[in-house]
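>
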Ligand SMILES: O=C(O)CCC(=O)C(=O)O
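Numbering (UniProt numbering), first residue to last: 1 to 318.
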């Protein structure tokens, strides 16, 4: 028994020191900038393979979108169309609220009605965000595809594949994306406004709490109040309960040891957000962005991350 306890304690110590060791070995203290897009080989060698983020300038100066995409232009091209808008009472879609994992009300609405709310021409209860991550740019906004490229050529060449999804993001400043990670190599391009990213490398996993939550969805009733409707059929969802802007360190003391990287991505800049990096995102009001999701390689790096995740879970009291 004493041996078993000693083994558990040894694993706990390894997990506690691993994030700092990985940080010293692999990651800078801030996100570096590149002045121009790299060659495919250089990008793969210096950023994708080591799983390091960077911000790339002058990568899409040639897209008409950069000059054309004002709210007036989008209204002219897209105004009549029905688009999916995520509506929440507090700006948090897909986030933990009162021990539920709550998803937004997905409202199909004319794009012009959404713009009226964004431009404060009309008021409507809730916070509105066009953020459906089903390649909504190609699926819901094909009219806009002539203003940019369907893929990032040097990234497609570096990875030997096309993007799985090209997403369009436009919303209110109160709309926040809660801390999470994705299995994508993500090229995130800001067309206008600013996005504020808070990042953690995957190696910070031992300091980032995850719990299981029953899924639910916001619904707005006739009187304009939001209710949370439980989704009885679905399984519990693993999610991060912690708000990195205001972490509850009494409940999650390990997070005090995690060191986020922060970066603001401005109009004309592209963030390379490597697969499995945790990210929390805020934005300026009416920020317009497009991102390209390339599926990650499910290689040894992925397997090591899964091992780290499993060990962390095993050491976390339920
Ligand atoms: O822009 C946002 O609000 C979230 C972006 C994001 O989570 C992603 O690109 O994976």
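Each residue gets a CB set at the ideal place from its N, CA and C atoms; glycine is no exception.
None of these values were measured; they are calculated from a predicted model.
Check residue 27 in the structure and name its three-state DSSP category.
Here residue 27 sits in coil by DSSP.
> Taking the continuous beta strand (DSSP E) assigned at residue 266, which residues delimit it?
It spans 261-266 - the beta strand (DSSP E) in which residue 266 sits, taken as one unbroken run.
> Consider the C-beta atom of residue 182 and the heavy atoms of ligand 1; say whether any pair is separated by less than 7 Å.
Checking every heavy atom of ligand 1 against the Cβ of residue 182, one is found closer than 7 Å.
> With distances taken Cα to Cα, identify the nearest neighbour of residue 75 among 123, 115, 276.
Answer by Cα proximity: 115.
> Would you kindly work out how many angstroms separate the C-alpha atoms of residue 203 and residue 20, rounded to a whole number?
Distance between the alpha carbons of residue 203 and residue 20 is about 8 Å.
> Is the beta carbon of residue 23 sitting closer than 8 Å to the one on residue 201?
Yes. Within cutoff.
> Does residue 45 come out as helix, strand or coil in the three-state DSSP assignment?
Correct three-state label for residue 45: helix.
> Quick one: which unbroken beta strand (DSSP E) runs of 3-plus residues sit fully inside the segment 77-153? Chain order, please.
Whole beta strand (DSSP E) segments, 3+ residues: 82-88, 95-97, 100-103, 105-110, 127-130.
> For residue 130, tell me which candidate among 120, 97, 83, 158 has the shortest Cα-Cα distance.
For the residues 120, 97, 83, 158, the minimum Cα distance to residue 130 belongs to 83.
> Name the residue from 219, 7, 153, 316 whose alpha carbon lies nearest to the alpha carbon of residue 127.
For the residues 219, 7, 153, 316, the minimum Cα distance to residue 127 belongs to 219.
> Quick check on residue 156: does DSSP put it in helix, strand or coil?
Three-state DSSP puts residue 156 in a helix.
> In whole angstroms, what separates the C-alpha of residue 42 from that of residue 35?
Taking the straight line joining both Cα atoms gives about 14 Å.
> Is DSSP giving residue 75 helix, strand or coil here?
Residue state, collapsed to three classes: helix.
> Residue 188 bridges to which residues according to DSSP?
Answer is 271, 291.
> Please classify residue 122: is it buried, with 16 or more other beta-carbons within 10 angstroms of its beta-carbon, or exposed?
Exposed: under 16 other Cβ atoms inside 10 Å.
> How is residue 315 classed by DSSP in three states: helix, strand or coil?
DSSP places residue 315 in helix when its eight states are reduced to three.
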